[in-house]
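Numbering (my numbering), first residue to last: 987 to 1309.
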Amino acid sequence: MTWGGIVQAIRVPDREGRVEDVALGFDGLEDYLERNRYCGALVGRYANRIAGGRFTLDGREHRLPVNNGPNSIHGGTVGFDKRLWAAEEVRGQADAGVALRYRSPDGEMGYPGTLDVTVRYRLDEAGRLTLDYAATTDRPTVLNLTNHSYFNLAGAGRGRVLDQVAWIDADRVTPVDENLIPTGALAPVAGTPLDFTSPAAIGARIRADDPQLKRAEPQDGGYDFNYVLNRPGDLSAPAARVTDPVSGRTVECFTTEPGLQFYTSNFIRGLPGKDGRTYDHWGAFTLEAQHFPDSPNRPAFPSTVLRPGETYRQTTIYRFFAA
Ligand code: BGC
């Protein structure tokens, strides 16, 4: 969709060739305007949270709309997920896709600089959905783009993802405080329910009595963490893989980004979705390739600053197949 750069559906065959739509979404534009939830959307200018809705760049403080407790999330009240993008068809030898463009004016949602963003989606015959992002600015700014697709490999609206098996190539996460803002530490996952360095069912430890799981979802527990990828910038190997053992449907994520937000749709409960189906609590997961949350206030984290003359680039690939 040109509105929000949204991926509305991803249809994937299982081992027997039975196709299910594995992406959460809605039937039409009206539903997206009403329910949104960033389903399938391009998120910017800054995906994830910025503490207190403020940051300082080159000695100057910038204030952002606060839309998540005390924080600014996903670019503010009207982020890139709620903007109209210009679309142009792109066609390669073995792929087809669309290039989306958006010019974000200087000062939009409190962010400095006129930002020109291009996101190219390509789908190829090997089942790869490739997202190439590029952006330039005319004033120093901060930037953190992602795609916010929610997946359920059994099919969107076909129950919970608790039996789907996740592997994430990350020995550490950025642990969070009670507002889901990073404490600044890079904490090892070894010995905690956050460890997916060996494949594990998403639901195996989701209810564990763990302070981080309870912060992410105080009622029942849940994953909502930025994983610090072990091989940042390495597109040659997957950063994460999730498989549905019943259907065999699998998604792999490859990315140039240093972080991956793994989120188990903790804040969704009984959301009416496409085709008359309803999305459950824990009914999907996200693999949001990104820089770390609140980086503009964390000089020790990889930088999200973009200056005039530089080009922001990101490539993220979701590969779908049946194992
Ligand atoms: C965040 C969640 C948030 C969700 C909104 C995710 O990127 O990590 O905390 O609730 O986006 O859809």
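Backbone N, C-alpha and C fix where the C-beta goes; we use that ideal spot for every residue, glycine too.
Keep in mind that this is a model prediction, so the values were computed, not measured.
Does the beta-carbon of residue i have 16 or more other beta-carbons within 10 angstroms, so that it is buried, or is it exposed?
i	result
Val1029	buried
Ser1314	For residue 1314 there is no data in the structure shown, the boundaries of the chain being 987 and 1309.
Thr1160	buried
Glu1047	exposed
Leu1292	buried
Arg1004	exposed
Gln1327	There is simply no residue 1327 to check, as the chain begins at 987 and stops at 1309 in what is shown.
Gly1083	buried
Val1064	exposed
Ala1275	buried
Leu1117	buried
Ala1194	exposed
Gln1205	exposed
Gly1026	buried
Ala980	A query on residue 980 cannot be resolved here, the shown segment of the chain reaching from 987 to 1309 and no further.
Excluding the 5 residues preceding and the 5 following residue i in the sequence, name in chain order all residues of the same chain whose CB lies nearer than 7 Å to its CB.
i	result
Leu1215	Asp1155, Ala1156, Ala1225, Pro1244, Gly1245 and Leu1246
Asp1181	Val1175
Asn1053	Ile1059, Gly1062 and Thr1063
In whole angstroms, what is the alpha-carbon distance linking residue i and residue j?
i	j	result
Ala1142	Phe1211	22 Å
Glu1002	Arg1077	29 Å
Thr1290	Phe1240	20 Å
Leu1109	Gly1062	30 Å
Val1228	Arg1023	22 Å
Gly1219	Thr1132	15 Å
Gln1301	Asp1266	A small fix is needed here, since residue 1301 is Thr in this sequence, not Gln. Those two C-alpha atoms are separated by around 30 Å.
Phe1253	Glu1203	8 Å
Asp1067	His1060	9 Å
Arg1106	Phe1012	22 Å
Val1232	Arg1255	24 Å
Tyr1086	Ala1308	With the sequence shown as reference, residue 1086 is identified as Leu, and Tyr is not the correct amino acid for it. Approximately 29 Å between the Cα atoms of the pair.
Thr1297	Ala1080	27 Å
Ser1251	Tyr1209	8 Å
Tyr1304	Leu1115	5 Å
Leu1199	Trp1153	17 Å
Val1103	Asp1124	12 Å
Quick one: residues in its chain with C-beta nearer than 6 Å to the C-beta of residue i, no 5 flanking neighbours on either side, listed in chain order?
i	result
Phe1306	Val998, Gly1113 and Val1237
Asn1283	Ala1037 and Phe1041
Glu1006	Gly1141
Arg1272	Per the sequence shown, the amino acid found at residue 1272 is Thr instead of Arg. Cβ within range, chain order: Tyr1136 and Tyr1249.
Leu1257	Tyr1265
Thr1169	Pro1161 and Asp1163
Tyr1018	Phe1012
Within the same chain, show all residues whose beta-carbon is closer than 8 Å to that of residue i, passing over the 5 residues directly before and after it, in chain order.
i	result
Glu1164	Arg1201
Ile1167	Arg1035, Ala1037, Asn1057, Pro1279 and Asp1280
Decide if the stretch 1121 to 1129 is in contact with the stretch 987 to 998; the criterion is three or more beta carbon pairs, one per stretch, under 8 Å apart. no
Quick test of the definition: if touching needs 3 or more C-beta pairs under 8 Å, does the stretch 1086 to 1093 touch the stretch 1246 to 1264? no
Okay, do the stretch 1270 to 1279 and the stretch 1016 to 1036 touch, 3+ Cβ pairs below 8 Å being the bar? yes
Would the stretch 1184 to 1191 count as touching the stretch 1168 to 1175 if we require 3 or more Cβ pairs under 8 Å? no
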